[in-house]
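Q: Input: one structure, supplied below.
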Amino acid sequence: MIFQYYPSVAHNYKFELNKDIHLASAHFNPHESAGKSRNMHGHTFIVNITIGGNELADSGFLVNFGTINEMVYDKFDSTVLNDHPEFSETFPTTEGIAQTLFHLIEKELEALPNKPKLLQVLVRENPSSYVAYRG
Ligand SMILES: [Zn+2]
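If you count the sequence shown from 1, position 57 lands on 57 in the numbering used here, and the numbers rise without skipping.
Printed below as a string of structure tokens:
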């Protein structure tokens, strides 16, 4: 199934966690070259987050899947992405979403005692288009 194809990330971590999140969100790109994307419209973005690590937390998790949901789904689902301060400098294009989510998640992971490492954020806008960002 095409939605489940992800480019893999080369790494040597013992654990690799992948979390998929569906974000039903709206966006627009005000840039003059954006064509129809200048109009607000929606997608069900499929975000795949890849995290590596060698050490588990005391909970037995590399990262609690629920924590990732709080960082991404709870914050951005059913919203207009352009309204978020995180997108005040970068338009929420598929590329901008991948980059912004990467830095947001990376910052949160750095605070965890077992130091999981964010390896990739992939944002699929529709069945034929996705962007992967690796920091
Ligand atoms: Zn769009």
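Ideal Cβ placement from N, Cα and C applies to all residues, glycine included.
None of the values given here were measured: they were computed from a predicted structure.
Jot down the residue ranges of each uninterrupted beta strand (DSSP E) in the stretch 12-87, minimum 3 residues, whole runs only, in chain order.
A: 15-27 and 41-53
Q: State the DSSP-derived secondary structure class of LEU109, mapped to helix, strand or coil.
A: helix
Q: Taking the beta strand (DSSP E) that TYR130 belongs to, which residues open and close that run?
A: 129-133
Q: Looking at the structure shown, is MET1 part of a helix, part of a strand, or coil, going by DSSP?
A: Note that MET1 scores 46 on pLDDT, short of 50, meaning its location in the model is unreliable; the coordinates nonetheless yield the value given after this. When DSSP states are grouped into helix, strand and coil, MET1 belongs to the coil group.
Q: Just to confirm before moving on: does the CB-CB distance between PRO116 and LEU62 stay below 7 Å?
A: yes
Q: Who's in the neighbourhood of ligand 1, going by beta-carbon under 7 Å from any heavy atom, listed in chain order?
A: HIS27, SER37, HIS41, HIS43 and GLU125
Q: With a CB to CB cut of under 6 Å and the five nearest residues on each side skipped, what residues in its chain are close to THR50?
A: VAL9, ASN18, LEU119 and GLN120
Q: Who are the near neighbours of PHE102 in its chain, counting only those whose CB is closer than 7 Å to its CB and skipping five residues on each side?
A: LEU118, VAL121, TYR133 and GLY135
Q: Ordered along the chain, which non-local residues of its own chain (more than five positions away) have a Cβ less than 8 Å from that of LYS14?
A: Around LYS14: GLY53 and ASN54.
Q: Alpha carbons only, please: which of LEU104, PHE91 and ASN126 is nearest the one belonging to ALA34?
A: PHE91
Q: If you compare alpha carbons, which of ASN48, MET40, ASN29 and LYS36 is closest to GLU16?
A: ASN48
Q: Could you give the distance in angstroms between the alpha-carbon of SER88 and the alpha-carbon of GLU110?
A: 24 Å
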